[in-house]
Structure formats: C-alpha cells, structure tokens
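Report on the structure given below.
Protein chains: 2
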Amino acid sequence: MPISQQGEMVVKKQTKERMDLQANVFKALAHFSRIFIVNELAKGKKCVCELTEMIGADKSTVSKHLSVLKQAGIVSDTKDGNKVFYSLEVKCVLNFISCIDGMIEANIKKMEIYIK
Amino acid sequence: MPISQQGEMVVKKQTKERMDLQANVFKALAHFSRIFIVNELAKGKKCVCELTEMIGADKSTVSKHLSVLKQAGIVSDTKDGNKVFYSLEVKCVLNFISCIDGMIEANIKKMEIYIK
DNA sequence: TGGCTAATTGGCATTATAGCCAACAAGTTA
DNA sequence: TAACTTGTTGGCTATAATGCCAATTAGCCA
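Chains as they are written, first to last, in numbering that gives the first Met the number 0: chain V, 0 to 115; chain U, 0 to 115.
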C-alpha cells in the first residue's frame, strides 16, 4: 500500500502480506468486548446468549464480535440445538494478555510515582 | 451480578477499564507498518529516518505510527543530535507474533488442503 | 401448526483510523 | 547568518470500525 512517488517501499511484498495477516489478528483483539470474550472462553466454551448477557450489548453486536474472532482464527464454533458455542483456539493470546497487563500495571505504578 | 432493564453491562467497571487498556495495546499493533517497526527495533534501536526509508511512506506517517506505539508503552525514544532513536520496550510482543505466525502458517496449509 | 428462543445478516449513522501535504521546531553544517 | 536535515503536529479527505434496529434463518416445544 504505502508506495510513494519519491521512494518505493523497501519491504518485500511477501513480508508485507504476512505482516498484514499478523496485523489482522491484532485488530481482531483490539476491542474490549473481544478481549472479554477471550477471557471467558479460556474458562470453557460458551454460547452467544451467555456472552451477550455478560457484555450487555445487543446480541447482533456480540455475534459480530465473535465473527471477527472466528475470522481471525482465534475462536471456533459448534452448533448444539439452537445454540452456538464458541471455544478458544489460540491459547497464546492469554500469555500475551498477561504480559501486557504486567506492563500496564508497571506503567500505572510509574504514573503514581510521577504524581507524587 | 444482575442485569438491569436496558441491557446494562454486567462487567465490572474496573474490569472494563483494564481490558480497554489491554485493547489499546492490541490496537497499537494492529497495522502492518507498526508490526514492521517492532520487528526492526527488535534488532536494535533505529531513527525515524531509517524506518521511513524502509517503509516508504511519508515521514509524518511513520512518525505518527511511532507515536501510537510509544503511547501504548511498546517503544521508547531518545534524542541524539537532530535524530530521534526508538527502542523496543516490550519484548513479549515478539513471542506473540511468532505464535500467531505459526497459526497463520497452519491456516494457510489447511486452506491448501481444502482447495485440493 | 404456532410461538418461542438463539443467532446471523443487512442497513445505517456515528466515530475512529490512515496517510498525504503544509507548516513548524530543533539541530547541524557551510 | 542561511541552507539543510530530522522530526512532529495540524488539517484535510478517504476508508474502516462500531453498535443499534429490523429482518431473517434455524431449532425447540407445547
């Protein structure tokens, strides 16, 4: 995409395509509701109705969030009766969340010191 | 935790605020250029001009990408002469990228089988 | 069958993001 | 000093994401 008139991009096309796919995974997780869903599914599979009640948004909204996560390959779904259950597929998301949570915690402490 | 009449969220305010901060970190990484930058900074600190040449976008664009990463706490910057050097602060990003890259690889292989 | 629950999809308005250029600030060099 | 390099910020347009409602599909049960 970023090919300017002056200087053409030095990044290989293959590299860019792969990083675009990686960016899509980050994008899929870049929302409160979807991080919440990942945390809930880490405890076990849940249907859309359960997640909808917890999040408190319209069920169409939650369904779309789940669709984003599924598209990215982070969750999978199975039908059971008239319910659809979602499961967490990529567990390493949890490791990363706990890592950045540690960073956030450290930054908050740093802020507190700065205020004092 | 009970649900209120107009479908108010059942998630604790504290939980939501923390997950919003986590989402901001994901959002900061949800772009090709910023993932590229993280990969480059993993090799060592680089100035804006170097990254700009590699990416091939306007320097203002790259500067803004770096600003997003800095705001999220993923990189830091130091001035040296009239150059500004950026460094990677949160190394666990690299672990997560390699994890999702494995997932992408697996999905590509799955696709190939599906086509056959 | 009809009525109910569960979930998805389309449409639409609102908001956020991306990237360019222009302007500016700060450091360097002649 | 002026000219140049480096980087940031503001303004602008184009594109993407969000979340609601409405309509639809699918399964369940009386």
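We treat Cβ as the ideally placed atom computed from N, Cα and C, and that holds for glycine.
Same chain only: Cβ atoms within 6 Å of residue i, ignoring 5 sequence neighbours per side
| i | result |
| --- | --- |
| Leu-65(U) | Tyr-85 |
| Val-24(U) | Ala-71 |
| Val-92(U) | Val-37 |
| Ser-32(U) | Ile-54, His-64 |
| Met-0(V) | Confidence is the limiting factor: at Met-0(V) the pLDDT is only 33, short of 50, which leaves the residue's position unreliable and the question unanswerable from this model. |
| Ala-56(U) | none |
Any chain V beta carbon closer than 9 Å to residue i
| i | result |
| --- | --- |
| Ile-112(U) | no |
| Cys-48(U) | no |
| Val-83(U) | no |
| Lys-15(U) | yes |
Cβ-heavy atom distance, residue i to the ligand COA, below 8 Å
| i | result |
| --- | --- |
| Lys-12(V) | Absence of the ligand COA is noted for the structure shown, with no ligands found whatsoever. |
Within 9 Å, strictly: CB atoms of residue i and residue j
| i | j | result |
| --- | --- | --- |
| Ile-34(U) | Gln-21(V) | yes |
| Lys-90(U) | Ala-29(U) | no |
| Lys-58(U) | Val-47(U) | yes |
| Val-61(U) | Thr-77(U) | no |
| Ile-96(V) | Ala-27(V) | no |
| Lys-69(V) | Ser-75(V) | yes |
| Asp-100(U) | Arg-17(V) | yes |
| Cys-98(V) | Asn-94(U) | yes |
| Glu-88(U) | Met-102(V) | yes |
Same chain, Cβ closer than 7 Å to residue i, five either side skipped, listed in chain order
| i | result |
| --- | --- |
| Lys-45(V) | Glu-39, Phe-84, Tyr-85 |
Closer than 8 Å, Cβ to any Cβ of chain V: which residues of the stretch 55–79 of chain U, in chain order?
Within the stretch 55–79 of chain U, those residues whose Cβ lies closer than 8 Å to any Cβ of chain V are, in chain order, Gly-55, Ala-56, Asp-57, Thr-60, Gly-72.
By the 9 Å beta-carbon criterion, what residues does the stretch 20–40 of chain V contribute toward chain U?
Within the stretch 20–40 of chain V, the qualifying residues are Leu-20, Gln-21, Ala-22, Asn-23, Val-24, Phe-25, Lys-26, Ala-27, Leu-28, Ala-29, His-30, Phe-31, Ser-32, Arg-33, Ile-34, Phe-35, Asn-38.
Segments of 4+ residues assigned as alpha helix (DSSP H) that fall wholly inside the stretch 5–31 of chain U:
For secondary structure counted as the alpha helix (DSSP H) over 4 or more consecutive residues, the stretch 5–31 of chain U holds these complete runs in sequence order: 12–27.
3 or more residues per run - each beta strand (DSSP E) lying fully within the stretch 51–94 of chain U
The stretch 51–94 of chain U contains these whole beta strand (DSSP E) runs: 74–79, 82–87.
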